[in-house]
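Numbering (our numbering), first residue to last: 166 to 363. Just so it is clear, CB atoms sit at the ideal spot from N, CA and C, and this is done for glycine as well. Accompanying notes for the structure given below.
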Amino acid sequence: MRLVLLGPPGAGKGTQAVRLAEHFQCAVVATGDIFRSHVATGTPLGRAAQEYMDRGDLVPDEVVIAMVMERIAEPDCDNGFVLDGFPRTVAQARALDERLARAGTPLDAALFFEIDEDELFRRLAGRSAELHRSDDTEQTIRHRLEVFAIKTRPLVDHYTRRDLLLPVDAIGGVDEVTKRILEGLELRRAAVDPEGST
Ligand code: ADP
């Protein structure tokens with residue numbers, strides 16, 4: 166299974182990514198986590214990313230694309246992957262499309278986590294208090310939501326045109342959302358392959 170997860174910060178992508186990867190026995194690739202671990206250990210990549218992350222801006226495309234392309238070439242991604250936090254721009258989505266087309270391993274779906282802003286603020290404020298993430302202050306949260314609206318939202322169109330978009334209602338309990346996703350994927354699979362021959 167090869168999935169990308171789209172949605173604003175706080176929509177629950179990270180939580181669901183781990184559960185989906187477990188369910189499908191594939192790798193989870195969370196770009197935010199990868200960057201945070203590079204920042205924590207002070208690698209050159211971490212130093213390049215930190216100022217963008219602290220402002221709530223996106224790390225430049227060429228940096229992120231190179232990192233993810235390397236990561237999905239690792240053997241644990243042979244059985245598929247759940248990408249959390251990538252792609253976040255049209256350029257990133259195109260780079261991924263090209264790589265997967267060349268490898269003959271297309272995406273199965275792009276999950277779009279739908280949630281309203283009030284709920285997002287509640288969740289992100291809670292996370293900020295719990296995890297002390299330096300980019301979870303109210304000002305950067307606002308900025309990250311703007312960046313999402315401008316840079317990432319266009320990917321809804323991108324994946325709709327490719328017939329890959331699976332909208333997911335992201336409000337509700339964690340189990341409930343997982344169930345919705347698995348049902349949505351099953352419905353898609355049945356539509357593509359009504360005989361269940363694969
Ligand atoms: P959230 O979804 O909660 O905003 P993430 O943990 O996914 O947070 O990402 C944290 C930060 O890492 C982002 O605000 C951005 O600076 C950087 N980042 C992560 N993924 C990408 C990406 N695909 N492109 C550019 N920057 C990214």
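Ends of the beta strand (DSSP E) at R167?
Mapped onto the sequence shown, residue 167 falls at position 2. Looking at the DSSP string, the run of the beta strand (DSSP E) that includes R167 is R167 to L171.
From F313, H203, Q257 and G177, pick the residue whose C-alpha is nearest to that of V222; which is it?
For the purposes of this step, residue 222 is taken as the residue at position 57 of the sequence shown. The question names Val, yet the displayed sequence has Asp at residue 222. Ranking the options by Cα distance to D222, first place goes to F313.
Is the segment 272-289 touching the segment 318-329, taking contact as three or more C-beta pairs under 8 Å?
These segments touch.
Does any heavy atom of the ligand ADP sit closer than 7 Å to the C-beta of L320?
Walking along the sequence shown from the start, residue 320 turns up at place 155. For the ligand ADP, not one heavy atom lies less than 7 Å from the Cβ of L320.
Can you tell me where the alpha helix (DSSP H) with E351 in it begins and where it stops?
Locating residue 351 in the sequence shown gives position 186, counting from the first residue. E351 -> alpha helix (DSSP H) spans V339 to V357.
For P225, which option in P240, V255 and E239 has the closest C-alpha, if you only look at C-alpha atoms?
Start at 1 with the first residue of the sequence shown, and residue 225 comes out as number 60. Comparing Cα positions, the closest option is V255.
Identify every run of the alpha helix (DSSP H) within the segment 206-233, keeping only runs that are complete inside it and at least 4 residues long; order them along the chain.
DSSP runs (the alpha helix (DSSP H)) wholly in the segment 206-233: 209-220.
Determine contact between the segment 239-246 and the segment 182-196, defined as no fewer than three beta-carbon pairs at a distance below 8 Å.
With a cut-off of 8 Å, the segment 182-196 and the segment 239-246 count as touching, because enough Cβ pairs lie within range.
Identify which residue in T343, V357 and R353 has its Cα closest to the Cα of V183.
As a position in the sequence shown, residue 183 is number 18, starting the count at 1. Of the candidates T343, V357 and R353, the one whose C-alpha sits nearest the C-alpha of V183 is T343.
Looking at the secondary structure, which residues open and close the alpha helix (DSSP H) in which A260 lies?
Counting from one through the sequence shown, the residue named residue 260 turns up at place 95. That run of the alpha helix (DSSP H) goes V255 to A268.
Using 7 Å as the cut-off, classify the Cβ of Y139 as near or not near the heavy atoms of the ligand ADP, replying yes or no.
Missing from the structure shown is residue 139; the chain here goes from 166 to 363 and no further.
Please classify P332: does DSSP put it in a helix, a strand, or coil?
Here residue 332 corresponds to residue number 167 of the sequence shown, with the count starting at 1. Of the three classes helix, strand and coil, the one that applies to P332 here is strand, per DSSP.
So, helix, strand or coil for D241, using DSSP?
For the purposes of this step, residue 241 is taken as residue 76 along the sequence shown, with counting starting at 1. Correct three-state label for D241: helix.
Any heavy atom of the ligand ADP closer than 7 Å to the beta-carbon of M234?
Your numbering for residue 234 matches position 69 in the sequence shown. False, no ligand heavy atom lies under 7 Å from that Cβ.
Can you tell which of D241, R292, A258 and R309 has the C-alpha that lies nearest to the C-alpha of P173?
Mapped onto the sequence shown, residue 173 falls at position 8. Considering only alpha carbons, the answer is R309.
In three-state DSSP terms, what is E303?
Along the sequence shown, one-based indexing puts residue 303 at 138. Here E303 sits in helix by DSSP.
Using beta-carbon positions only, say whether I346 and E284 come within less than 8 Å of one another.
Indexing the sequence shown from 1 puts residue 346 at position 181. Indexing the sequence shown from 1 puts residue 284 at position 119. It is not a contact, given that the beta carbons lie outside the stated cut-off.
Using beta-carbon positions only, say whether A238 and V228 come within less than 8 Å of one another.
The residue given as residue 238 occupies position 73 in the sequence shown. The residue given as residue 228 occupies position 63 in the sequence shown. Their beta carbons are not under 8 Å apart, which means A238 does not touch V228 by this criterion.
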